[in-house]
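Heads up: the structure comes next, in structure tokens.
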Amino acid sequence: MVKRRNNRQDAIRDIVRGKSIRTQRALVDELQSIGFNCTQATVSRDIADMGLRKLSEGIYVLAEDLHLQRMVSEFVSSVERADNLVVIKSQPGTAPGVAAAVDAAALPEVKGSVAGNDTVLVVSGSNDAAQDLVNLVSKLRDTRK
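Structure below.
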């Protein structure tokens with residue numbers, strides 16, 4: 011039972027980081043599409059256990075990603091991948107803060123980052139992991155007001 015819950019919560023973490031999920035029903039549908047047999051009540055408990063938050067834009071975000079979301083939505087101007095490297099451009103003087111937020115989010119795909127004045131270089135373990143990071147930063151960047 012615990013193993014299944016942990017696996018489901020790992021899947022929820024991946025889904026929320028990779029897609030813009032607005033409702034519990036959408037999360038249930040995503041979980042069911044990858045083989046988890048669960049109800050909305052189960053997902054509701056998982057959301058509470060995991061501390062998921064809903065942004066003012068209506069999408070769920072992991073509690074550990076909130077600071078990253080704020081930094082990205084406020085300061086990041088672009089993000090792109092070069093193989094397993096991700097280049098994040100930000101407003102002048104903000105790259106160290108953006109890099110610190112990336113590091114603090116403890117994203118599994120991030121091996122480390124280096125910040126200049128307006129550029130962050132993030133090293134990922136693979137090309138796919140780098141693309142996952144680009145997708146996450148792009149999603150968080152799209153939450154700008």
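The number in this note's numbering is simply the position in the sequence shown, starting from 1, with 10 added. We treat Cβ as the ideally placed atom computed from N, Cα and C, and that holds for glycine. All of these numbers come straight from a predicted model, not from anything done at the bench.
Taking the C-alpha atoms as reference points, what is the distance between residue i and residue j?
i	j	result
G103	A92	23 Å
V120	S134	5 Å
I44	L37	11 Å
Q50	L143	28 Å
K155	S136	In this prediction, K155 has a pLDDT of 47, which is less than 50 and means its spatial position is unreliable; what the coordinates show is noted afterwards. Rounded to whole angstroms, K155 to S136 spans 32 Å at the Cα level.
D39	R63	19 Å
N94	R80	24 Å
L76	D20	18 Å
Which one of the options has the shortest CA to CA distance from residue i?
i	options	result
M60	G68, A110 and R18	R18
E67	I25, P118, I31 and T49	I31
E74	S148, A114, N16 and D20	A114
V169	Q50, N145 and D56	Because the chain spans 11 through 155 in this model, residue 169 falls outside it and cannot be assessed.
S148	R23, R55, E84 and N16	E84
D152	C48, V86 and K64	V86
P118	L150, D138 and I69	D138
R14	T52, L62, G107 and Y70	T52
V89	A21, D24, D20 and L150	L150
F46	I22, L62 and S54	I22
K29	C48, S54, Y70 and D20	Y70
Compute the distance between the beta-carbons of residue i and residue j, then report whether it is under 8 Å.
i	j	result
L78	A111	yes
Q34	I57	yes
R27	L65	no
A125	A109	yes
Reducing DSSP to helix, strand and coil, say where residue i ends up.
i	result
K155	Here the model assigns K155 a pLDDT of 47, short of 50, so the residue's position is not dependable, and the following value carries that caveat. If DSSP states are grouped into helix, strand and coil, K155 belongs with coil.
P143	According to the sequence as given, residue 143 is Leu; it is not Pro. L143: helix per DSSP, three-state reduction.
L131	strand
L95	strand
A125	strand
R80	helix
K29	coil
S88	strand
S100	strand
Problem set entry | Given 8 Å, three or more beta-carbon pairs between the stretch 122-132 and the stretch 82-98 | They touch, by the three-pair rule.
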